[in-house]
Structure formats: C-alpha cells, structure tokens
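When the count follows my numbering, it moves up by one through the sequence shown with no breaks and lands on 554 for the last residue. The beta-carbon is built from N, C-alpha and C at its ideal position, and this holds for glycine as well. Fair warning: this is a prediction, and the values are worked out from it, not measured in the lab. Okay, structure first, notes after.
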Amino acid sequence: MRSILVVTSSFLPLVAAQAKARRAEPRLVVVDHPIGGLSPEEFAGREEAAYAGVVAELRGMGEL
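This is the structure:
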C-alpha cells in the first residue's frame, strides 16, 4: 500500500521513527510548523505547500 503523509517539520523525527519501527516507507510531504494559530493568510501558504507536495508525490508515483 502506498501512502503520502503530510507532516509538519516539528513532527518529522517522530513520523520517521514510527515508520522505521513499522517497516513502512511512506512518502512524506513536510510543511513548516506550526499549523494552528496561524492567520488565514499564513495557513493558506502552508495549505498551498502541502497541496503542491502531494501533487508532486502523486506524479512521482505515476498517479497523475
């Protein structure tokens, strides 16, 4: 099963450790931390980065 995880930079070490422990190799899209407490404009920037990353990963997987 292929998966794409969107994770903030602060949680990347935890996600990487969990993936390794489970012998999983998810594709990761990393966005700046934090997500909460942002202005709508700041959040939109994170959202756009995540979307672009997911699209790039899907293209890399031959899904688009």
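Going along the chain, which residues of its own chain have a beta-carbon closer than 8 Å to the beta-carbon of residue i, five neighbours each way excluded?
| i | result |
| --- | --- |
| E525 | Note on identity: in this sequence residue 525 is Ile, with Glu being the wrong assignment. Same-chain partners within the cutoff: T498, F533, R536. |
Check the C-beta distance from residue i over to residue j and give it rounded, since I have them as a contact under 8 Å.
| i | j | result |
| --- | --- | --- |
| L495 | P516 | 5 Å |
How about residue i and residue j: do their beta carbons lie closer than 7 Å?
| i | j | result |
| --- | --- | --- |
| V521 | A540 | yes |
| H523 | S493 | no |
Once the 5 residues before and after residue i are set aside, which same chain residues still bring their CB inside 7 Å of it?
| i | result |
| --- | --- |
| L504 | none |
Sorted by chain position, which residues of the same chain lie with C-beta nearer than 6 Å to residue i's C-beta, five sequence neighbours on each side aside?
| i | result |
| --- | --- |
| G527 | none |
Practice task
With a floor of 3 residues, list each beta strand (DSSP E) that falls wholly inside the region 495-538, ordered by position along the chain.
Solution key: 517-521
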